[in-house]
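According to the working numbering, the sequence shown is numbered sequentially starting from 1. Single-structure report; data block below.
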Amino acid sequence: MTSWQEISFQVLRRDNCQCQSCGKRPAGQVHPFVPRSEGGSDELSNLITLCGRCHMLVSTVPDWIVARVWKITLSNIPLERQMVQGRIKRKVEQRSKSR
Ligand SMILES: [Zn+2]
Numbered sequence: 001m002t003s004w005q006e007i008s009f010q011v012l013r014r015d016n017c018q019c020q021s022c023g024k025r026p027a028g029q030v031h032p033f034v035p036r037s038e039g040g041s042d043e044l045s046n047l048i049t050l051c052g053r054c055h056m057l058v059s060t061v062p063d064w065i066v067a068r069v070w071k072i073t074l075s076n077i078p079l080e081r082q083m084v085q086g087r088i089k090r091k092v093e094q095r096s097k098s099r
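What follows is the structure, encoded as structure tokens:
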């Protein structure tokens, strides 16, 4: 069985340690596109590299914490989240097409 550590290492290597949403490097957080709670797998195709900021925007962390940590205006958070989700979705779609 492959450990999560090995899997995330492979994901980071594939994505060149670059945030697949905003392009920031180095980025080191591995995010499942389809959440595990919704049946998402630990397959490489379901995993994407994100920076801390983009990752927190699409996580379940409450908005006010995200706003405070990343100094984002609270009212801008839904828009920023939508942008990150949209970019991740496009990346994952591109990837599945190129296969
Ligand atoms: Zn980012």
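For every residue, glycine included, the Cβ atom is placed at its ideal position computed from N, Cα and C. Just so we're clear, the structure is a prediction, and the values are computed from it rather than from any experiment.
Residue i versus the options, residue with shortest Cα-Cα distance
i: Ser8; options: Val34, Glu43, Cys54; result: Glu43
i: Asn16; options: Asn46, Cys51, Ser75, Lys97; result: Cys51
i: Ser41; options: Glu93, Val84, Trp4, Trp64; result: Trp4
Proximal residues to residue i (C-beta, below 6 angstroms), its chain only, five neighbours per side dropped
i: Cys22; result: Cys54
i: His31; result: Ile48, Leu50, His55
Per-residue burial, residue i [other beta carbons within 10 Å of its own, 16 or more giving buried]
i: Arg57; result: Note on identity: in this sequence residue 57 is Leu, with Arg being the wrong assignment. Buried: at least 16 other Cβ atoms inside 10 Å.
Short Cβ contact (8 angstroms threshold) for residue i with residue j
i: Thr49; j: Gln20; result: yes
Element boundaries [alpha helix (DSSP H), containing residue i]
i: Ile72; result: Here Ile72 belongs to no alpha helix (DSSP H), and DSSP marks it neither H nor E.
i: Val11; result: 4-14
i: Leu57; result: 52-57
Where the beta strand (DSSP E) containing residue i begins and where it ends
i: Gln20; result: That residue, Gln20, is in no beta strand (DSSP E); it is neither H nor E in DSSP.
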